[in-house]
Every structure is written in structure tokens, then in C-alpha cells.
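Protein chains in written order, with this note's numbering: chain Y, 1 to 425; chain F, 426 to 850; chain A, 851 to 1275.
(1) Can you tell me where the beta strand (DSSP E) with residue 108 of chain Y in it begins and where it stops?
(2) Could you give the first and the last residue of the continuous alpha helix (DSSP H) run that contains residue 631 of chain F?
(3) Counting only Cβ pairs nearer than 8 Å, list the residues of chain A close to residue 478 of chain F.
(4) Could you confirm whether any beta carbon from chain Y is found closer than 7 Å to the beta carbon of residue 572 of chain F?
(5) Does the segment 305-317 of chain Y come within contact of the segment 33-41 of chain Y, defined as at least 3 CB pairs closer than 8 Å?
(6) Are the segment 1118-1131 of chain A and the segment 1157-1167 of chain A touching by the rule of at least three beta carbon pairs closer than 8 Å?
(7) Nearest to residue 510 of chain F by CA position, among F:770, F:488, F:681, F:677, is which residue?
(8) Looking at the C-beta of residue 1191 of chain A, does it have a partner C-beta in chain F at a distance below 7 Å?
(9) Would you please verify whether the beta carbon of residue 945 of chain A is less than 7 Å from any beta carbon of chain F?
(10) State the Cα-Cα distance for the pair residue 28 of chain Y and residue 400 of chain Y, rounded to the nearest angstrom.
(11) Kindly list, in the order they appear in chain Y, the residues whose Cβ is closer than 9 Å to that of residue 951 of chain A.
(12) I'd like to know whether the C-beta of residue 231 of chain Y is nearer than 7 Å to at least one C-beta of chain F.
(13) Does the distance from the C-beta atom of residue 848 of chain F to that of residue 450 of chain F stay below 7 Å?
(14) With DSSP as the reference, label residue 917 of chain A as helix, strand or coil.
(15) Based on the DSSP secondary-structure assignment, which residues constitute the bridge partners of residue 624 of chain F?
(16) With 7 Å as the C-beta to C-beta threshold (strictly closer), list the residues of the segment 102-126 of chain Y near chain A in chain order.
(17) In the DSSP assignment, find the unbroken beta strand (DSSP E) run with residue 739 of chain F in it and report its ends.
(18) Along the chain, where does the beta strand (DSSP E) that runs through residue 309 of chain Y open and close?
(19) Going by beta carbon distance, what residues of the same chain come within less than 7 Å of residue 1233 of chain A, once the five residues before and after it are set aside?
(20) What would DSSP say about residue 518 of chain F, mapped onto helix, strand or coil?
(21) Report yes or no: do three or more beta-carbon pairs, one from the segment 66-75 of chain Y and one from the segment 108-126 of chain Y, lie closer than 8 Å?
(22) For residue 101 of chain Y, collect the residues of the same chain with a Cβ closer than 6 Å to its Cβ; drop the 5 residues on either side in sequence, then sort them by chain order.
(23) Exposed or buried, residue 1103 of chain A, counting other C-beta atoms within 10 Å across all chains shown (16 or more means buried)?
(24) Pick out whichever of A:1169, A:984, A:1175, A:1181 has its Cα sitting closest to the Cα of residue 1146 of chain A.
(25) For a contact meaning CB atoms closer than 8 Å, what does residue 823 of chain F contact in chain Y?
(26) Can you check the segment 566-608 of chain F for any alpha helix (DSSP H) of at least 4 residues that lies completely inside it and give the ranges in chain order?
(27) Can you name the start and end residues of the beta strand (DSSP E) that residue 782 of chain F belongs to?
(28) On the criterion of 16 or more Cβ atoms from any shown chain inside 10 Å, does residue 681 of chain F qualify as buried, or is it exposed?
(29) So the alpha helix (DSSP H) residue 1119 of chain A belongs to, where does it begin and stop?
(30) Between the beta-carbon of residue 482 of chain F and the beta-carbon of residue 585 of chain F, is there less than 7 Å?
(31) Classify residue 498 of chain F as helix, strand or coil using the three-state DSSP reduction.
(32) Please return the same chain residues whose Cβ sits closer than 6 Å to the Cβ of residue 363 of chain Y, not counting the five positions on each side in sequence.
(33) Along the segment 914-935 of chain A, what residues have a CB closer than 7 Å to any CB found in chain F?
(34) Is DSSP giving residue 1044 of chain A helix, strand or coil here?
(35) Under DSSP, the alpha helix (DSSP H) around residue 886 of chain A begins and ends at which residues?
(36) Give the interface partners of residue 391 of chain Y over in chain F, defined as CB-CB distance under 7 Å, in chain order.
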């Protein structure tokens, strides 16, 4: 009998094909379609990019108390992230060492120990197996601890790395970025809202979309109430010369004021020249200049940390490969991109406010989240249209704008660079 | 880490397996199961059959005015079909030349230019890029026109070919078939109704089902009110000899009458002996002999073109690989088959009436569409049962009836012939 | 054009990879993740395990009368099982010999002949083609009979084997097991209820779950009302020594009583040392000891066969690779596991009562089915958590309990043994 045999789709060796794809990338142009479609490239992305780099997955306010945990799936790797009894952050593969059952099945919760639902194997919060019935006299519990996952907190932003040999430049990243974040005191925030959307596209199209505002003017009416598209690149012309110059002057002036007030604001860009790539910059906002809201004013009356004035513009942080963040005086928006398949991606958005802010009194959830709920929905439509288009045989990599898509290019540089370091060197 | 690696399903070389499949086809028998199941064969079908032949996709009444467009996906190739400002039909790959976004996202519409929703790249209706912001001084718009798709209209039936080297025998096809179609004046019709159904089967099972009426008597009570199954082959026997002879006499007599009245009606069969295969024939209908309706009478009071009498039977046109059509005096039914996957197929049915016919006064949509809505639903059940059966290891190609399945055999001849020309010669 | 080509996921040869997987199995430990995830292993399972062994699929009360049939899909093989005019059980591939249509499309029914819905090819209940219109003078009906499937009834439990060279030890299996089953007279039962559930896991996780009660105490409150977990293995300890001894004594005593009353009850275990593996044993139940119900009492007032007293505990039968059964004095529960995909499995549960028992008077369906509906739902959650966990790169085979998971180990022994016999010898 031969019922389930199928003719294979392609005979060639995957490694050669992938090496050729990587080597053939044309700088200044969008990536070849296989990068957005191929299951083999997706597997590579999960192994090399999401399996070996620092991935943004959570914030400390998700797990404020000892015993609090959240679970996250990085590709097919279920992970549990928790705060142990000594207030230390820990991450483990969320898999029982007995027969492999998922250990914590809820999205989040609070526990004294981690008990497997299947046969009640019980682990302490440090991962040690404390109890396993029926396993006989010779069973060695010490050989069956949970497998740890590397974890770091950047002023309260939680990054994990599935590779025990995690990139060592996280410390440098921390030293350069924490001064920017510290005044917003993430650890003193609470998660006011979290929204997940699933986009029918490859995760890199989601990231590329995030790295330019070329599409903003025509697609994001709510966002562009407060955000100046000039801040993200613009082709100069006689018609816009005065506007551009004005924006540059104001930005420089505000930057000096903010820095003088102890708020690091100047651009630092390390998006494509290190393993743990990032970019950070504080930019003015329009109208009252306070927040990314429908009226430009702060959405929460309780300002973050010790911040005294609301008109601090927006401090933005972009991290490779999967995060971006906007820090305002009153609230923070944090985005985490998690691939679900070659053509399916989860975008998880968290809105943080001061932990002492009270809903209805200090902030309103609908108002707080309105701009980015709308913007995310618009971006979803755009990236899904892109995914549909790159499936066409007629698609060929097109040119990036030198004025408005430089950060998209840097994302591709970083991505191709990471794969090249692994496969071409 | 090794999380996403999987053991491959089959090691052998695809090309050899496919060559063997093609070479081993047994004439007079249904195809091997792999032709209906294999993703590799599906890819081949999309590349060689749907990628290199004239595919029926639309009718001119879909886009009567300049600026009107419709979109269609041929496999994973999104295409936009439009009427330009000079009233000329054009087709383009529906993919922006910038970052590959699908250009027109709606099923149909009317536009002055084609504007990409992502970054507003703007194309004229002739495909030329007219406008692209931020692309810098050195950007050459002339290098970024939309990619054209070959397009032809057969008296108003729109065929496209994705291959720039399209088969050259379309002209011969046109010369032989247009005299049959012309009296029904498709361009003076409107689309009264369009219905899409998705069948869980390979597209070839949909086509094979269309190419015989062996299954009609037991499955299509609505269709056989007006359609004589004798018209599609019958095994002679003493019991049916008189009926068969009677039908042959009437058919011949009506054919002479119609031809004398300027309506070409005689059978022309080129289903399996040319690249752009077709068959055309006008046959009598039962009862009043007017139309494929539940009572045999015309469904629209406004006859097509200059036709003066309603009892013109049914002129049927079959085209390889994906169309069939019934032209009556009062309305036309046009079927387009579009593969969606190895086991998923779209069947799009359009009903056309005279453009001046008014709903409720001259025709009723439910009445007009009743026969083929019922017949399509019945055929869907049958082809899905076939798909389920060919998945079985017990399936082996079975014999075609020499009397009733000759046109199924011709479909297979054409299909295998086209693949052989490419792979075995 | 190159639209549908994709980079292959893995280049290596499947056969070598599968041989290595089989050879590397570590006794006493759960299986490698590929056994639960790989499409190639799934195909192998369907071909070698479900394609060559005796599979439990139905019970005779499903088809009590001549002409009664049921259909079942074993993987992608549709099969029809029927009782012919001579009261003989028969099974055929449920595929017409003409163009391969599924013959019987309903789950069950009653017919005089098997008529293909497509072109009315008509087969007798013995599989012979009786009638096929339009096939011409030369057509040989005798060459187009339905393809038979091997079938056996074990006291009314119907097993089929898709391989004509079915394992010959069914006869030995019958001789050893039928004495246990006979008193419950399955053929004099009726199917009071049948419930299908689809589990998102590999079929082997479903089977492994069935082969231990280590998970019962914490997960099955309804089942453990009547079922002693001591009956399925327990690690001895000073704390439970008296309980274990007490249970052993009672079990031995009841076994003697039952055997004396003509009811074979002693354990027979041939789970991993023959091709058609099984285990059978009658065990006491708690409370009144009558049935696996929420109160321990018989659920049907009409006892099975000639059984005179209700407190006969539970006779359990386990069969490799896909069945298990509990026979009580008043009702029988029969489970059939049918793989649907690498990570999707159908569990079909039938509840049988005496054919003369009347609903509402003698039994209530909700009460009869309550324990196993609840237990199945709980097991479904557990096996799906297992499937999620084994997808993790962090999963590695874990140790089985020597006290409570010996039958899981025997299931793996049997499974690996069957593949080894085929691939490693």
C-alpha cells in the first residue's frame, strides 16, 4: 500500500538554496519573495533569528509579585516567565521533564510551585523538581529540573534568549539605552491594556512596516494628529524646505531643553552594526506635544516616575528583531512581534500607565488606546496586501526610498547580516 | 536547537517522478491519483497549464466603461483587468513595483489611475508609473511600469495568458468560433448575476465532470428538463434505437434551419488537437426549446442582439483548460474554473442578459439562475465525492465509457499532451 | 515563471532518518518528538501500523440486519462495512471502480445494492459489479468488482485489516479473548450512544494516555468514583502498604468467585509480544461494584446476556494499536482511535446496552454516558497539552514510572517493535 506517498515539491538541497538567497540580496531593495514565503526560511528565522537573539516578550509589570508568571510562545517554544520568591526574574521552557506536557497552560497566573497538570510533577520557582510520585527509589530528581531560558530586564522591559550562548552585547545595549528609559520608571507602571492581533503576513513585513512613516500620511489619520512625519525622513524640495527646516530647528531646540532637564533625547542608532541592534530618539509631538493621543494631550493624569511636565514629546525605542516602544510623559506603548508561521504573525501591544493611576479617574482605556488600535488595524491591512503581492511571480524586489525607508534598509541589513554571519562566513 | 526540523516526506527527485506519471498515462482511463492530489503536480499545473495557456477569466460587460476594472487571482498570481481611457482592454499583474503590495484590493471598481494603498505610487491605466513620492532625484519612473499580462477578447469573452509568449493559435480559435458567438452580442449584455462556489476537489475533476452528461439523468433533475442527454453520447441498444434516431433527425433538421438563418450551429471539435483547444455546437432543447430554465421557456423577455425568435436551442462552447458557456436566445451562462489548491477549486458562474433588460420587468434573477445554481450544487457534491475516493490507496484509474465520456478523454488527452510537449519531448 | 516553487524544508533521505529514529529509541522513556510531530512518521504509521494490523472500527450491533452498512475512514482509506444477504460481514474499499467516487457517502444506512451516486454503477453486497450503463459491448464487469478488505468479528467487535496479508495470529487472539467476552453477548446489544471527539494530538499520545492511570487521581473525579487506581499500578510505601494489600486480596478473591461462576477474569497480557497485541483482565469496582457510573450502580436495568448478578466489576480489554473496552454486567463502553493527521486524532466512543433495554425505562442516556464523556474531555485536555509540549525544542524523552506506566512502555515496545520488524531486520 502506498496511500500517503506524495511527489516531493522540490528536490534541491535547502542549504544551497538558502545560501544563494542570502548572498543574492540586493542592497537598497526589498527582499526576495522567498524570504516572505518559504517554510524553509521561516524555520531558519525561528532557529537563527528568534532562537539566538534577545527577543522582547514582556514587561515587569506583567509579573509584579513573587509567584506571578506569564507564558509566551516563541515560535513553537513555549516559555514561562516568572518572578521567584527572591524577587528574581526567571524563564524556563514550559515543558514538563516527565512526558513533555505543557506545564503552565494559562496565559498568566500566580503560583507557589509549578505543578504539571498531567501527573503532578512539582517544580519550585527556581526550576528544581521538588516532587514526583511513583518514580521509584532510583529516580534522581536533580536530573529533572526545568530547562532554563536566558532572561534580562532593560529597566523593566523583559527580553529572553533561547540560546544559552546568548549575545554578550546586551550589557552594552543596557548601558546605552537605560539612561533614556529610566526617567519613565517602567517598573512603577501597570499594564492598563493589552491587545493581540494576528496578521496574515510574514513577520518581516510587519517589522518593515514599522520602520518607516512613508505610508503614514495616507493611512494613519489618528496617528498623524500628534506624530510629525518629518521625524521619519522626507525628500527635500523647494515646496517643503521651510517646513523641514522649521521641524529640524524645533527638534534640536527641544532636544537641548530635554537633555538639560536630565532626559537623554539625542538619536543613538545601532540598528545594523551590532548583534543586539537598536535605535533610540526623543522627538517633539504636535499640538500640545504631550502624547500620541487623538488630541495630543496626555491620556493619563498621573505622570510617570518623577516627571513634572507633560510636554516631553515621544521617546521611541526600536529593537531588532521584534520590538518597538513609545514612551510619553503619561504612558508607554510597547509592541512585541511573534511569528506564528511563514505567513502569520502575532502583534502584541501593551499600554502602560503609572501603577497608581486609576481607571475612569486618571485615564480612560478607550481614549488611551484609540490611536494605536486604529493604527495597528490600518497597518494590518497594509502588510496583508504586501503579503498577497509578494506571492505573485510578478513580484520583484523594488527600490527603497533613500529619504523615507532608510530604517527599513537597516532592518534588512541587520537580518541579512545575522544570517550571513552564520551561513556565509 | 533543532525545533523546527522535520523529517522529509519523500526523498526522490520530483522531475523524474512527474515525467514517469505523464509517460504512464493509460488512454481510455481516468488519471492516476497523483494528478488529483500531489502538491507538486498542482504547482506544475499552475506553471504549465494556467501559466502558459489562454485562461477564461471575465466578460466585457464586467468592465463596460473606461476606468472600470476587475481583479482575478490565477493561482497565486493577482491580475487586474481594466478598460483604459481609449476603450482598450488591458491586464496587469496586480502588484506594485515598489514593495510588492497588491495594488487593487477590491473585486471590481472604477478608477482614474491605479494608486497603491501603501505608499501612493500612482500608475496610469496604461501601466506607466506617473507618480512616486520621496524616491529621490535619480529614480527612473520608466523602469517601474506595471508588468503587463496578455489579454484577448473573443466577441466579449475575456481570456488572459500569463506567459508573454502566449500560444499563437488564439487568432485561429477566434476566426472559427466568433461566427457562432457574434449573433448573441456579448458586448451588448450585462452581468445579471454572478455566483462563486468553492469545491473541495482538484480542478481537473471539476473539468472532467463538465465534459460528460453520463451523470445527468440521475443527478440533474432541473437541467434535464430542457437538456437532452442524447446530445452528449449514448450507448445504442434496441430499446433506445428509435429515440436516438429521432433525436439525431431533429438535431440535423434544426441545425440546417439555424444555419440557413445565419446562425452557425454545426459541431466543431478541436478539444485535443491544438494548444488553444475548444468545441462548439448548437443543440436543440426540450419542451419549447428556448432556454435552460425550469420550464424550457426564455427567462428574459428581451432577446439578445438582433435575434428574432426564442427557440434557438443552446449553443455550447467548451474551452481548454477552464471554461464552458451556454448561449441561448435570451441569456448566456459562462463558467470559469480557477484552481485554489491541489484539492480546492473556485467555480465562477455568470448569467448575462441583454443590457436593456430590466430586472422584475423582463427577467427574474431567481428564475434565470435556478437551473444552474441547482446543477452546480449537485456537481459540487459529485466532484467532492470523487476527490474523497481518489485519495484512497484502493483507487486505480478506471475505464471511460466509449459512448458517454469521449470528451472527458479529450480533456485528459489535451492536458497530458500539453505536459508531454513540455516535459517529454 | 517561478511562482509556486518553494525551498524544500529538509534535504536528507527520509528512510535513513526514520531508521535512525527507530533504532535510537530508549526503553523506559517516552518517544522522541519526531514520532509525535513528523508528517513522514505519520505516513509510516498509516502505512505500517494502520495499513497492516487488525484495527478495531465497529461493533456488530452497528449493522444488525442484512443490507446494513457503516462507513469508516482509516487514514485516507474510506471503507464500507456491511452485512450481506447471507448475514455475513464484509468490508470493501469504499471507492467506485469507474472514476473513483466515494461509493457510500453516509455514515451508515441500509441498502439492497451499493449504487455509486456519480454514474450509477451498481454493486451487489458481495462486491460484484452487477450493472454499469454505457460501457460498451467489450466491457468486462467481472474485472471491476469492489476491492475487499479483510474483516473479523471478535464476539461482535469488528476488526478490519487493509493488508490482504493480514496478521495470522487473529485466530489465537480470538481463542484467548472470546471466552472473556462471550458472557456479555455483544451481538445481543444495541448501540445506545456514540460520541466522536477530535483531539489535537498525535494518535500515540491518545493511546499512551489510555495505558496508565497515573493521571487519574488528579484529573478524573467522575471515573475514580468506581475505578480503583490501585488496579493500574502503584508505588508501594509504608503509608499505602495496607491499602495495596487489601486491594490485592479483594481482587484475588473476586477473581476466584467470578471464574468459578464461569466468567474468565484473570489477567492475560500479550501487549508487546505478538503482532495482534492485547491485554484482558476483570477488576473489582468500588462502592456497589457494578458499573463505571457516577454512583457505582448499574446504569441499565436489563443485564447483558444471561448474566444474573450486577456486581461483576469491570472486564477491560486493550488492543494494539487502537482500541480499549470496558465490559460491565449492564453495559459496554468501546473506544476506537482513528488518526486524522500527524497532530489530529478521532476518538469514537460507543455505549452498548442490551438490545431489549428501553431508554427512559431501563436506562437514561445522560446517566449511562456521564462518566466517560467527562473522562474523555479531561483526557483530551491532557493529551493536547502533551502535544503542545513535545513541539518544544526543550522536550526530551522522559522516564516512565516503573510502577504506573508499564503498559505505556508496552505500547511503545509494541509500536517500535512493529516498525523495527519492517525496517531494521
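Beta carbons: idealized from backbone N, C-alpha and C, even for Gly.
Concretely, from the data shown:
(1) 108-110
(2) 628-635
(3) Chain A residues near residue 478 of chain F: none, gap ~12 Å exceeds 8 Å.
(4) yes
(5) no
(6) yes
(7) F:488
(8) no
(9) yes
(10) 6 Å
(11) What residue 951 of chain A touches in chain Y: nothing, since even the nearest Cβ is about 17 Å away.
(12) no
(13) no
(14) coil
(15) F:770
(16) 102, 105, 117, 118, 119, 120
(17) 739-744
(18) Unbroken run through residue 309 of chain Y: none, as it is neither H nor E.
(19) 1049, 1051, 1055, 1056, 1059
(20) strand
(21) yes
(22) 116, 118
(23) exposed
(24) A:1181
(25) Chain Y residues near residue 823 of chain F: none, gap ~17 Å exceeds 8 Å.
(26) 595-606
(27) That residue, residue 782 of chain F, is in no beta strand (DSSP E); it is neither H nor E in DSSP.
(28) exposed
(29) Residue 1119 of chain A -> not in any alpha helix (DSSP H); beta strand (DSSP E) instead, spanning 1118-1120.
(30) yes
(31) strand
(32) 299, 300, 353, 357
(33) 926, 927, 928
(34) strand
(35) 884-887
(36) 501
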